[in-house]
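Engineer: I have a structure here, written as structure tokens, and I will follow up with some questions on it.
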Amino acid sequence: MVGASFSVHGDLTLTNLTKNFGEFVAVNDLNLVIPEGSFFALLGPSGCGKTTTLRMVAGLEESSSGSIAIGTADITYEKPYRRPVNTVFQNYALFPHLSIYENVAFGLRRRGVKDVDAQVQKALELVELTHLAARKPNQLSGGQQQRIALARAIVNRPALLLLDEPLGALDLKLRRAMQIELKWIQTEVGITFVHVTHDQEEAMTMADTIAVMNEGEIEQMGSPADLYDNPRTSFVANFLGQSNLIMGSIIGGSGREKVVDIFGSKIALPVSRNHAHDSSVLLGIRPEKIRIAAAGSSMYGNILQGGVVSDASYIGVSTQYQVEMPWGQELMVFEQNDDGTPPLAKGDPVVISWEPIFTFGLPGDQDAGAGSEANPDSE
Amino acid sequence: MSTALLHTGSQERKALISKKKLLPYWLLAPGIVWLIIFFLVPIYQLISTSTQTQGNGIGTYVQTYRFANFIDAITSSKGQLFRSFEYAFLATTFALIISYPLAYAVAFKSGRWKNTLLVLVVAPFFCSFLLRTVAWEQILGEQGLVIKTLRVLHIIGAQGHLTATPFAVVAGLTYNFLPFMTLPLYASLERIDIRMMEASGDLYANAIATFRKVTLPLSLPGVVAGTLLTFIPAAGDYINAELLGNPGTKMIGNVIEARYLEIVDYPGAAALSLILMVSILILVMAYVKRSGTEELV
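In order, the protein sequence lines correspond to chains A and B.
Numbers 11 to 389, taken from the numbering used here, label the letters of the first sequence in order.
Numbers 59 to 355, taken from the numbering used here, label the letters of the second sequence in order.
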């Protein structure tokens, strides 16, 4: 697509951005830089302030304090219709009285852009729906409406495209397909995408960078792999995927590795993944990183003895175990069904182990359950 | 289970199905009976009366299929007929101009006052139509505050008056049918998803463009319903012209009333009534077709 772009462009910078609704602080002193051209996800449970942040950037909500800038242009007090920002709304908000063509042309016409026709055609081609131009929105399926909402926003070539739970209304299969398509379109058009979602899988699939939000603040920001492998808070550890978090205390170690005592076992923890403030630590390990074997088998790496299988569910690609440890805690273990050995049964005594590199350490004063109940994908 | 039992079962089921099929008709029956007694029969009588001619003595008419009654009726009353449509059109226009901002404010800007405002819109219905029009006669009358103020301000001369003018008739019509305009407008505005306006603003439309391109088109069903509910009764009204007008502001309703009650010319009154009905029907059909509401949500 050519022409019709805005002179304003650059990184989106949120500085000390705050939004209060009466007593309630929806967004608390947010500082964030979203690089130009990136696919950025704001991930968090409902009510964490992610949508409010998005609406402040779009100009649909006024900030209580702080500033919003694109490149060097401060847009904090700019009217929504004067911002180089477009939004894909949660339920699309297509204009029911206008044809698909006119829906897509709406923004171009308001700005008095020339060659509306060519640009609408290109936008419809991008989402592969040129043949539906004459229809009305209510004659389209949910997935088609979703694409039109995207085309209607993208056709304006904004500096920033905001997506508010764009795939929330679609079924799982369509959602997966649209995730890939959205990512492809973003690469194709090169516009900065800011994507708000509560679905961690959706955020991980599409975004270059994810900011995990909780109670109006950013818990942690980074690449999907970084957030998953090296979470800094128990909220992030539980909200993105599942984690086993075990109380322990740091009793020594070198410059590269700390040694953590958990109920008598010595566990190695890489210093780069230790975020504890003092010796009290919540030791974390992802369930799929753990190896499991009958008690007495030889193991290497970090080893925990004395477990008993309290539950085993065979789910085809893997078997999910609940292992009760001597100190009463249940640990989750996901074992790939790839080595031909029969799955362990309930009541079997087992030993578990994992590579020390996969261990992470969180501050010991954090709530080990934070974020797990907020995540719709975890049990 | 024996075959005999099965047989009874299927018979019972058949009976049940036919009962279910009949249910809609039973539900419709009271309405249909009502319509037959109070609409179809009177309409038939109206049509039949419209072609009768006078028999022996005043008030007795016999069927002679005299279709010239219609031509007589039109030639003698076309002035009042056109005036009715003119006044009804003006009243509808004014009602729309007053009601739209009102309905918009109630739908979007009234907050916790919404229900109170809606009750106020409907409040005039607690008082009879006739009484309210008489009240208007008082308000606009020689002793009223309005005329005195206008005279002091020299907007109206010492000899000028407000009652017994076309202005008073149109104002009365506008006032009396205002709720019929406001309520459908409110209903259609209130249904508009606030995100439509947000999306419009997001797509570079300022407040005026958003209103013209999104809010107004989406409220068109309300505009059509409101204008019909105002125009149709206003065109047939005679109370306002009777109480607030003068002999020069007579509407078709006044003519029909006079023919029926004073002149006792039943065929003429019936013919005029039919002419009024048919012309309203044609106007309404043309209007609805033109506004294309069937395409709207």
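Using N, Cα and C, we set each Cβ at its ideal position, and we do this for glycine too.
This one's a predicted model, so the numbers in the text were calculated from it and none came from an experiment.
Shorter than 8 Å from the beta carbon of residue 142 of chain A to some beta carbon of chain B?
Structural biologist: The residue you call residue 142 of chain A lines up with position 132 of the first sequence. Answer no: the Cβ-Cβ gap between residue 142 of chain A and chain B never drops below 8 Å.
Engineer: Out of B/219, B/103, B/301 and B/164, state which residue places its alpha-carbon closest to the alpha-carbon of residue 188 of chain B.
Structural biologist: Position 130 of the second sequence, counting from 1, holds the residue named residue 188 of chain B. Ranking the options by Cα distance to residue 188 of chain B, first place goes to B/301.
Engineer: In terms of residue numbering, what span does the beta strand (DSSP E) encompassing residue 227 of chain A cover?
Structural biologist: The residue given as residue 227 of chain A occupies position 217 in the first sequence. 227 to 232 is the extent of the beta strand (DSSP E) around residue 227 of chain A.
Engineer: Which whole-angstrom value is the C-beta distance of residue 159 of chain A and residue 99 of chain A, which I expect to be below 8 Å?
Structural biologist: As a first step, residue 159 of chain A is located in the first sequence; it is residue number 149 there, counting from the start. As a first step, residue 99 of chain A is located in the first sequence; it is residue number 89 there, counting from the start. 7 Å between Cβ atoms; contact.
Engineer: Name the chain A residues whose beta carbon is nearer than 7 Å to that of residue 264 of chain B?
Structural biologist: Translated into positions along the second sequence, residue 264 of chain B becomes position 206. Result: 91.
Engineer: Who does residue 331 of chain A pair with in a DSSP beta bridge?
Structural biologist: On the first sequence, position 321 is the one that residue 331 of chain A refers to. BP columns for residue 331 of chain A point to A/322 and A/343.
Engineer: How would you label residue 295 of chain B, buried or exposed, when you count the other beta carbons within 10 angstroms and need 16 or more for buried?
Structural biologist: Here residue 295 of chain B refers to the residue found at position 237 when the second sequence is read from its first residue. By the 10 Å Cβ count, residue 295 of chain B comes out buried.
Engineer: May I ask you to check if the CB of residue 298 of chain B is nearer than 7 Å to at least one heavy atom of the ligand GDP?
Structural biologist: Absence of the ligand GDP is noted for the structure shown, with no ligands found whatsoever.
Engineer: Along the chain, where does the beta strand (DSSP E) containing residue 179 of chain A start, and where does it finish?
Structural biologist: Along the first sequence, one-based indexing puts residue 179 of chain A at 169. First-last for residue 179 of chain A: undefined, no H or E at that position.
Engineer: Just mark residue 168 of chain A as buried or exposed, buried being the case when its beta carbon has 16 or more other beta carbons within 10 Å.
Structural biologist: By one-based count along the first sequence, residue 168 of chain A stands at place 158. Label assigned to residue 168 of chain A: buried.
Engineer: Interface residues of chain A around residue 169 of chain B at Cβ under 8 Å?
Structural biologist: Taking the second sequence and counting its residues from 1, one reaches residue 169 of chain B at position 111. What residue 169 of chain B touches in chain A: nothing, since even the nearest Cβ is about 15 Å away.
Engineer: What is the rounded straight-line gap between the Cα of residue 177 of chain A and the Cα of residue 82 of chain A?
Structural biologist: The residue given as residue 177 of chain A occupies position 167 in the first sequence. The residue given as residue 82 of chain A occupies position 72 in the first sequence. If I take the Cα positions, the gap works out to 32 Å.
Engineer: Please classify residue 218 of chain A: does DSSP put it in a helix, a strand, or coil?
Structural biologist: Working through the first sequence from its first residue, we reach residue 218 of chain A at position 208. Reduced to three states, the DSSP call for residue 218 of chain A is coil.
Engineer: Spell out a yes or no on whether the segment 114 to 134 of chain A and the segment 196 to 215 of chain A are touching, meaning 3 or more CB-CB pairs, one atom from each, closer than 8 Å.
Structural biologist: Cβ pair count under 8 Å is below three, so no.
Engineer: State whether the segment 204 to 213 of chain A contacts the segment 24 to 43 of chain A, with contact taken as three or more CB pairs (one from each stretch) at a distance under 8 Å.
Structural biologist: They do not touch, by the three-pair rule.
Engineer: Using alpha carbons as the reference points, say which of B/126, B/152 and B/283 lies closest to residue 233 of chain B.
Structural biologist: Residue 233 of chain B sits at position 175 when you count from the first residue of the second sequence. Of the listed residues, the one whose Cα sits closest to residue 233 of chain B is B/152.
Engineer: Could you give the DSSP three-state label for residue 103 of chain B: helix, strand or coil?
Structural biologist: As a working note, residue 103 of chain B is residue 45 in the second sequence. In this structure, residue 103 of chain B counts as helix in the three-state DSSP scheme.
Engineer: Within a Cβ cutoff of 7 Å, which residues of the same chain sit near residue 331 of chain B, ignoring the five residues on either side of it in sequence?
Structural biologist: As a first step, residue 331 of chain B is located in the second sequence; it is residue number 273 there, counting from the start. Correct list, in chain order: 104 and 314.
Engineer: With DSSP collapsed to three states, give me the class of residue 83 of chain A.
Structural biologist: In the first sequence, residue 83 of chain A corresponds to position 73, counting from 1. Looking at residue 83 of chain A - three-state DSSP - the assignment turns out to be strand.
Engineer: Locate the beta strand (DSSP E) running through residue 275 of chain A, then write down its first and last residues.
Structural biologist: Residue numbering aside, residue 275 of chain A sits at position 265 when the first sequence is read from its first letter. Its beta strand (DSSP E) spans residues 275 to 280.
Engineer: Spatial neighbours of residue 121 of chain B within its chain, please: CB distance less than 8 Å, with the 5 preceding and 5 following residues excluded, ordered by chain position.
Structural biologist: As a first step, residue 121 of chain B must be located in the second sequence, where it is residue number 63. Here the set comprises 106, 109 and 110.
Engineer: Could you name the residues of chain B that residue 117 of chain A contacts, counting a contact when the two beta carbons are closer than 9 Å?
Structural biologist: Residue numbering aside, residue 117 of chain A sits at position 107 when the first sequence is read from its first letter. Here the neighbours are 260, 261, 262 and 263.
Engineer: Determine which residues of the segment 44 to 77 of chain A have a Cβ less than 7 Å from any Cβ of chain B, and write them out in chain order.
Structural biologist: Answer set for the segment 44 to 77 of chain A: 68 and 70.
Engineer: Cβ atoms of residue 90 of chain A and residue 70 of chain A: under 8 Å apart, would you say?
Structural biologist: Here residue 70 of chain A refers to the residue found at position 60 when the first sequence is read from its first residue. Here residue 90 of chain A refers to the residue found at position 80 when the first sequence is read from its first residue. In contact: residue 70 of chain A and residue 90 of chain A (Cβ atoms closer than 8 Å).
Engineer: Which residues of the segment 120 to 148 of chain A have a Cβ closer than 9 Å to any Cβ of chain B? Give them in chain order.
Structural biologist: Result list: 120, 121, 146 and 148.
Engineer: Taking only beta carbons into account, state which residues of the segment 266 to 286 of chain B come closer than 7 Å to chain A, listed in chain order.
Structural biologist: Hits within the stretch, in order: 267, 272, 275 and 276.
Engineer: Taking the C-alpha atoms as reference points, what is the distance between residue 124 of chain B and residue 279 of chain B?
Structural biologist: Against the second sequence, residue 124 of chain B aligns to sequence position 66. Against the second sequence, residue 279 of chain B aligns to sequence position 221. Cα-Cα distance, rounded: 42 Å.
Engineer: Alpha carbon to alpha carbon, what distance is there between residue 197 of chain B and residue 221 of chain B?
Structural biologist: Within the second sequence, the letter at position 163 stands for residue 221 of chain B. Within the second sequence, the letter at position 139 stands for residue 197 of chain B. Approximately 9 Å between the Cα atoms of the pair.
Engineer: Note the first and the last residue of the continuous beta strand (DSSP E) segment covering residue 317 of chain B.
Structural biologist: On the second sequence, position 259 is the one that residue 317 of chain B refers to. Taken as a continuous stretch (DSSP letters only), residue 317 of chain B belongs to no beta strand (DSSP E), as it is neither H nor E.
Engineer: List, in chain order, every chain B residue whose beta-carbon is nearer than 7 Å to that of residue 105 of chain A.
Structural biologist: The count along the first sequence starts at 1 and reaches residue 105 of chain A at position 95. Within 7 Å Cβ-Cβ: 254 and 272.
Engineer: Can you give me the C-alpha to C-alpha distance between residue 141 of chain A and residue 157 of chain A, rounded to a whole angstrom?
Structural biologist: Locating residue 141 of chain A in the first sequence gives position 131, where the first residue counts as 1. Locating residue 157 of chain A in the first sequence gives position 147, where the first residue counts as 1. Approximately 13 Å, taken between the alpha carbons.
Engineer: Do you know offhand how far residue 161 of chain A's Cα is from residue 254 of chain B's?
Structural biologist: Position 151 of the first sequence holds residue 161 of chain A. Position 196 of the second sequence holds residue 254 of chain B. Each residue's alpha carbon lies about 16 Å from the other.
Engineer: Per the contact definition of three or more C-beta pairs closer than 8 Å, is the segment 304 to 324 of chain B in contact with the segment 236 to 246 of chain B?
Structural biologist: At 8 Å Cβ cutoff, the stretches do not touch.
Engineer: Excluding the 5 residues preceding and the 5 following residue 97 of chain A in the sequence, name in chain order all residues of the same chain whose CB lies nearer than 6 Å to its CB.
Structural biologist: Taking the first residue of the first sequence as position 1, residue 97 of chain A is located at position 87. So the list reads 68 and 172, once near-sequence residues are dropped.
Engineer: Write down the C-beta distance between residue 280 of chain A and residue 369 of chain A rounded to the nearest angstrom, noting that I regard them as a contact closer than 8 Å.
Structural biologist: The residue you call residue 280 of chain A lines up with position 270 of the first sequence. The residue you call residue 369 of chain A lines up with position 359 of the first sequence. Confirmed, about 7 Å.
Engineer: Check residue 358 of chain A in the structure and name its three-state DSSP category.
Structural biologist: Here residue 358 of chain A refers to the residue found at position 348 of the first sequence. DSSP places residue 358 of chain A in coil when its eight states are reduced to three.
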